[in-house]
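Protein sequences, first through last, are from chains D and G. Counting from 1, one number per residue, gives the positions in the first sequence under the numbering used here. Counting from 238, one number per residue, gives the positions in the second sequence under the numbering used here. Comments concern the structure below.
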Amino acid sequence: MSGADDEPLRVEKLNVYYGQFRAVHDIDLTVAAGEIVSVIGANGAGKTSFLKAIMQQADRAEGSIHAFGLNLRTMSTPQIVAAGVALVPEGRRLFPSLTVAENLRIGWEIGRRGSITLDRIYSWFPVLAERRDQPARRLSGGQQQMVALGRALLANPRLLLCDEISLGLAPVVVGQLYDILPKIRAEGISMIVIEQDVVRSLAVADRFYCFLEGAVSLVGRPQDANRDVIMRHYFGG
Amino acid sequence: MTIDMLNQAIQGALIGGLYALFAVGLSLSLGVIRFINIAHGDLIVLASFLLMSLSGLLGLSPFVVALFMLPLAFAAGYWLQRLLLQRVVGESVLPVILVTFGLSIMIQNGLLQAYGPDTHKLHGGQIEVASVHMFGLFDIGFFPLAVFFTAIVVIAALDILLYRTSIGARIRAVADDPAAADLIGLSSGRMYAIAMGVVGMTVMLAASCMSVWTNFDPAIGPSRLLTAFEAVVLGGLGSLWGTLVGGMVLGIAQNLGAQMDASWQILAQHLIFLLVLVLRPRGLFPKA
Ligand SMILES: Nc1ncnc2c1ncn2[C@@H]1O[C@H](COP(=O)(O)OP(=O)(O)O)[C@@H](O)[C@H]1O
Ligand SMILES: [Mg+2]
């Protein structure tokens with residue numbers, strides 16, 4: 001199966017290796033159009049490696065990855081972004097010496113043309129408009145995360161991959177970031193949201209996958225899931 | 238300070254323009270791609286020989302030929318990066334040094350085969366003998382002034398390219414964090430290649446000025462590299478205007494050293510370099 005043209009993501013039998021070590025183990029995962037899929041899992045469960053493999057940035061991967069009917073395994077990262085898949089990387093990874101505006105504009109230049117413009121990002125995150133000419137390194141962690149999210153959104157993706165956007169941020173700031181997710185969904189953008197924070201992540205998701213030691217340990221809908229069951233599949237044992 | 242010394246200092250400062258032209262390309266590759274191109278001086282010599290052949294063949298001034306060659310110089314730098322240097326960028330500095338050292342030796346021997354060991358100098362025409370009488374005190378050659386002016390224009394253009402254009406922002410982004418750039422779909426390899434293309438253009442311009450200003454032979458590249466490297470380090474890594482000042486300091490030191498004793502010329506250059514390095518290890522205009 002290669003996935004239909006309107007299916008944002010279909011991953012089958014994905015394995016990711018670092019040398020001899022297998023960090024991702026036969027993962028099958030799909031995202032339906034308009035869906036927010038949460039991936040939860042402890043530190044080291046393979047979540048980041050999974051996203052890197054989608055972006056063709058893993059050292060070595062096996063398996064099949066299709067987005068919107070395209071075989072991502074045969075494409076370069078710039079081609080994947082141009083086709084409408086954008087990543088908010090773990091740890092934000094802004095360009096520290098570039099200004100806020102320059103960081104954001106890079107997202108626009110490498111992406112697809114679409115309805116998300118610089119002005120819209122500034123209206124969603126007014127504090128970025130105030131600080132647009134400051135180097136990114138001078139922003140607070142929360143503001144940097146807004147820039148990282150804005151940079152990915154400006155590529156006008158059809159599928160957005162978010163890797164631990166709440167990591168290391170105060171709860172208030174995390175709340176501000178998560179308030180944006182409905183607006184993103186309203187643009188028709190499908191999402192994978194990766195978090196270690198299970199409660200936060202399940203609250204926004206249509207479906208979730210729990211990763212344990214590189215493999216999928218549980219799949220389900222947040223409303224159907226029992227907390228104890230999730231915890232057992234999160235920590236193993 | 239005597240009038241004569243002042244005159245020598247001014248002439249030396251103008252030589253700094255030539256050194257800066259050599260060095261801006263090195264400064265760019267150090268600042269952006271973070272690698273030391275040992276073959277930088279040899280590439281300038283290679284371009285000088287090309288200019289010699291072409292201006293001889295076409296009967297045109299080397300400056301005119303150099304301008305026409307700029308697109309080709311860009312392409313040469315771009316593909317040198319893509320096909321060769323990109324393979325060793327990143328991991329550690331040693332592979333880069335080995336590969337560019339090998340390139341340096343290949344260029345020197347290739348030129349020796351093609352042109353022989355003789356020393357050459359190109360003719361720039363009237364511009365070489367014209368001079369300007371300044372402050373009623375001394376004559377300044379028109380050509381050194383023009384080279385200095387060219388250096389200012391080149392550095393200003395690079396400054397605009399890097400800090401005022403979107404391609405410049407992307408080049409700086411890759412300089413900041415190449416892995417992050419690759420992760421979000423901004424190909425660091427492509428941006429490096431574009432930066433190296435720009436370096437190629439500065440090499441061509443430097444070659445046109447150098448080949449008219451001084452003698453050159455196939456083996457002179459490394460000594461050019463040394464001076465360029467000193468100018469870059471003196472000015473502060475990554476600072477283009479600092480590179481110009483660094484070149485001027487070296488030129489002034491050479492000329493004032495030569496005033497004291499002819500054998501002091503090069504020694505003074507290196508002594509000033511070491512002195513500044515001791516006092517300001519990060520150069521005169523370190524980047525934050
Ligand atoms: N560059 C790397 N080299 C070697 N091992 C790695 C590398 N990156 C991650 N790993 C290992 O792969 C496993 C999964 O890591 P990762 O995908 O970062 O997990 P998560 O994002 O869920 O915390 C971990 O055991 C980690 O130590
Ligand atoms: Mg991770």
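The beta carbon of each residue, even a glycine, is placed where N, CA and C say it ideally should be.
Item to check | Chain-ordered chain D contacts of residue 406 (chain G) [CB-CB under 8 angstroms] | outcome: As a position in the second sequence, residue 406 (chain G) is number 169, starting the count at 1. Simply 98, 102, 105, 106.
Item to check | Segments assigned beta strand (DSSP E), at least 3 residues, entirely inside the region 313-381 of chain G | outcome: With a minimum length of 3 residues, the continuous beta strand (DSSP E) runs that stay inside the region 313-381 of chain G are 368-371, 375-378.
Next on the checklist: With the cut-off set at 8 angstroms, would you say residue 472 (chain G) and residue 480 (chain G) are in Cβ contact?
Outcome noted: Locating residue 472 (chain G) in the second sequence gives position 235, where the first residue counts as 1. Locating residue 480 (chain G) in the second sequence gives position 243, where the first residue counts as 1. In this structure, residue 472 (chain G) lies near residue 480 (chain G), with their beta-carbon atoms less than 8 angstroms apart.
Checklist entry - Within 8 angstroms (strictly less), CB to CB, does residue 314 (chain G) reach chain D? => result As a working note, residue 314 (chain G) is residue 77 in the second sequence. False, the Cβ-Cβ gap to chain D never drops below 8 angstroms.
Checklist entry - Within the present structure, is the beta-carbon of residue 45 (chain D) separated from the nearest heavy atom of ligand 1 by less than 7 angstroms? => result What you label residue 45 (chain D) is simply residue 45 of the first sequence in a count that begins at 1. Within the cutoff, so yes.
Next on the checklist: To be precise: take each residue of the region 412-442 of chain G, compare its Cβ to all Cβ atoms of chain D, and keep it if any distance is under 7 angstroms. Which residues remain?
Outcome noted: The region 412-442 of chain G vs chain D, Cβ under 7 angstroms: 413, 414, 417, 419, 420, 421, 422, 423, 424.
Checklist entry - Is the closest heavy atom of ligand 2 to the C-beta of residue 241 (chain D) under 7 angstroms? => result Nothing about residue 241 (chain D) can be reported from this structure: the residues present for chain D run from 1 to 237 only.
Item to check | Separation of residue 44 (chain D) from residue 237 (chain D), as counted between CA atoms | outcome: Taking the first residue of the first sequence as position 1, residue 237 (chain D) is located at position 237. Taking the first residue of the first sequence as position 1, residue 44 (chain D) is located at position 44. Roughly 16 angstroms separates the two Cα atoms.
Checklist entry - If you scan the region 84-160 of chain D from start to end, which runs of the alpha helix (DSSP H) of 4 or more residues do you find wholly inside it? => result Secondary structure remark: continuous alpha helix (DSSP H) runs of at least 4 residues inside the region 84-160 of chain D, in chain order: 100-110, 118-124, 126-130, 141-153.
Item to check | Residue from G:362, G:279, G:322 with nearest C-alpha to residue 300 (chain G) | outcome: Counting from one through the second sequence, the residue named residue 300 (chain G) turns up at place 63. Of the candidates G:362, G:279, G:322, the one whose C-alpha sits nearest the C-alpha of residue 300 (chain G) is G:362.
Next on the checklist: Tell me which residue opens and which closes the beta strand (DSSP E) that residue 60 (chain D) is part of.
Outcome noted: Stepping through the first sequence from its first residue, residue 60 (chain D) is reached at position 60. Element bounds for residue 60 (chain D): 60-67.
Next on the checklist: Which of the three DSSP states is assigned to residue 207 (chain D) in this structure?
Outcome noted: Translated into positions along the first sequence, residue 207 (chain D) becomes position 207. Three-state DSSP puts residue 207 (chain D) in a strand.
Checklist entry - Quick one: is residue 19 (chain D) buried, meaning 16 or more other Cβ sit within 10 Å of its Cβ, or exposed? => result In the first sequence, residue 19 (chain D) corresponds to position 19, counting from 1. Flag for residue 19 (chain D) reads exposed.
Next on the checklist: From the DSSP secondary-structure annotation, give me the bridge partner or partners of residue 179 (chain D).
Outcome noted: What you label residue 179 (chain D) is simply residue 179 of the first sequence in a count that begins at 1. As computed with DSSP, residue 179 (chain D) is found in no beta bridge at all.
Checklist entry - Taking all protein chains shown into account, do 16 or more other C-beta atoms lie within 10 angstroms of the C-beta of residue 324 (chain G), making it buried, or fewer, making it exposed? => result Here residue 324 (chain G) refers to the residue found at position 87 when the second sequence is read from its first residue. Around the beta carbon of residue 324 (chain G), fewer than 16 other beta carbons sit within 10 angstroms, so the residue counts as exposed.
Checklist entry - When the Cα of residue 328 (chain G) is compared with those of G:401, G:270, G:464, G:382, which residue comes out closest? => result For the purposes of this step, residue 328 (chain G) is identified with residue 91 of the second sequence, where counting begins at 1. Measuring from the Cα of residue 328 (chain G), the nearest candidate turns out to be G:270.
Next on the checklist: With a threshold of 8 angstroms between beta carbons, is residue 68 (chain D) in contact with chain G?
Outcome noted: Within the first sequence, the letter at position 68 stands for residue 68 (chain D). For residue 68 (chain D), the answer is no, since every Cβ of chain G falls outside 8 angstroms of its Cβ.
Checklist entry - Hey, out of G:458, G:435, G:524, whose CA is closest to residue 307 (chain G)'s CA? => result Taking the first residue of the second sequence as 1, we reach residue 307 (chain G) at position 70. Closest by alpha carbon: G:435.
Checklist entry - Could you give the distance in angstroms between the alpha-carbon of residue 118 (chain D) and the alpha-carbon of residue 401 (chain G)? => result Here the question's residue 118 (chain D) lines up with position 118 in the first sequence. Here the question's residue 401 (chain G) lines up with position 164 in the second sequence. For residue 118 (chain D) and residue 401 (chain G), the distance between alpha carbons rounds to 18 angstroms.
Item to check | Backbone CA spacing between residue 29 (chain D) and residue 12 (chain D) [nearest angstrom] | outcome: Position 29 of the first sequence, counting from 1, holds the residue named residue 29 (chain D). Position 12 of the first sequence, counting from 1, holds the residue named residue 12 (chain D). Between residue 29 (chain D) and residue 12 (chain D), the C-alpha separation is close to 7 angstroms.
Next on the checklist: Taking the beta carbon of residue 467 (chain G) as the centre, do at least 16 other beta carbons fall within 10 Å, making it buried, or is it exposed?
Outcome noted: Taking the second sequence and counting its residues from 1, the one referred to as residue 467 (chain G) is at position 230. Sixteen is the threshold: when 16 or more other Cβ atoms of the shown chains lie within 10 Å of the Cβ of residue 467 (chain G), as they do, the residue is buried.
Checklist entry - How big is the Cα-Cα spacing for residue 24 (chain D) and residue 190 (chain D)? => result Here residue 24 (chain D) corresponds to residue number 24 of the first sequence, with the count starting at 1. Here residue 190 (chain D) corresponds to residue number 190 of the first sequence, with the count starting at 1. Computed Cα separation, rounded: 23 angstroms.
Item to check | First and last residue of the uninterrupted alpha helix (DSSP H) at residue 464 (chain G) | outcome: In the second sequence, counting from the first residue as 1, residue 464 (chain G) sits at position 227. From DSSP, the alpha helix (DSSP H) with residue 464 (chain G) extends over 458-472.
Item to check | residue 507 (chain G) versus residue 176 (chain D): straight-line alpha-carbon distance, rounded | outcome: Sequence index remark: in the second sequence, residue 507 (chain G) carries index 270 (1-based). Sequence index remark: in the first sequence, residue 176 (chain D) carries index 176 (1-based). Residue 507 (chain G) and residue 176 (chain D) have their C-alpha atoms some 57 angstroms from each other.
Item to check | Own chain residues within Cβ distance below 8 angstroms of residue 200 (chain D), not counting five before or after | outcome: Your numbering for residue 200 (chain D) matches position 200 in the first sequence. Take residue 200 (chain D), set aside five residues on each side of it, and the residues of its chain with a beta-carbon closer than 8 angstroms to its own are 166, 174, 178, in chain order.
Checklist entry - Using the rule of at least 16 other Cβ atoms within 10 Å of the residue's Cβ for burial, across every protein chain shown, is residue 461 (chain G) buried or exposed? => result Working through the second sequence from its first residue, we reach residue 461 (chain G) at position 224. Here residue 461 (chain G) is buried, its C-beta having at least 16 other C-beta atoms within 10 Å.
Item to check | Cβ-based contacts, 8 angstroms cut-off: residues of the region 251-269 of chain G near chain D | outcome: Cβ contacts with chain D: none found.
Checklist entry - Would you report the Cα separation of residue 443 (chain G) and residue 111 (chain D), rounded to the nearest angstrom? => result Residue 443 (chain G) sits at position 206 when you count from the first residue of the second sequence. Residue 111 (chain D) sits at position 111 when you count from the first residue of the first sequence. Distance between the alpha carbons of residue 443 (chain G) and residue 111 (chain D): 37 angstroms.
Item to check | Residue of G:414, G:521, G:314 minimising C-alpha distance to residue 93 (chain D) | outcome: Start at 1 with the first residue of the first sequence, and residue 93 (chain D) comes out as number 93. Considering only alpha carbons, the answer is G:414.
Item to check | Reference residue 505 (chain G); option with closest CA among G:239, G:244, G:249, G:240 | outcome: Sequence index remark: in the second sequence, residue 505 (chain G) carries index 268 (1-based). Of G:239, G:244, G:249, G:240, the residue nearest in Cα terms is G:249.
Checklist entry - In terms of residues, what are the limits of the beta strand (DSSP E) holding residue 9 (chain D)? => result On the first sequence, residue 9 (chain D) is found 9 positions in, with the first residue counted as 1. From DSSP, the beta strand (DSSP E) with residue 9 (chain D) extends over 9-18.
Item to check | Closest residue to residue 217 (chain D) among D:116, D:66, D:10, D:42 (Cα-Cα distance) | outcome: Walking along the first sequence from the start, residue 217 (chain D) turns up at place 217. The shortest Cα separation from residue 217 (chain D) among D:116, D:66, D:10, D:42 belongs to D:42.
Next on the checklist: Are there any heavy atoms of ligand 1 lying less than 7 angstroms away from the beta-carbon of residue 41 (chain D), as far as the coordinates show?
Outcome noted: Within the first sequence, numbered from 1, the residue matching residue 41 (chain D) stands at position 41. Checking every heavy atom of ligand 1 against the Cβ of residue 41 (chain D), one is found closer than 7 angstroms.
Checklist entry - At a CB-CB cut-off below 7 angstroms, which residues of chain G make contact with residue 55 (chain D)? => result Sequence index remark: in the first sequence, residue 55 (chain D) carries index 55 (1-based). Neighbourhood of residue 55 (chain D) in chain G, by CB distance below 7 angstroms: 420, in chain order.
Checklist entry - Leaving out the 5 sequence neighbours to the left and right, which residues in its chain are closer than 7 angstroms to residue 123 (chain D) when beta-carbon positions are compared? => result As a first step, residue 123 (chain D) is located in the first sequence; it is residue number 123 there, counting from the start. Nothing meets the Cβ criterion.
Item to check | Proximal chain D residues relative to residue 292 (chain G), where beta-carbon distance stays under 7 angstroms | outcome: Taking the first residue of the second sequence as 1, we reach residue 292 (chain G) at position 55. Here the premise fails: no neighbours, minimum Cβ distance about 40 angstroms.
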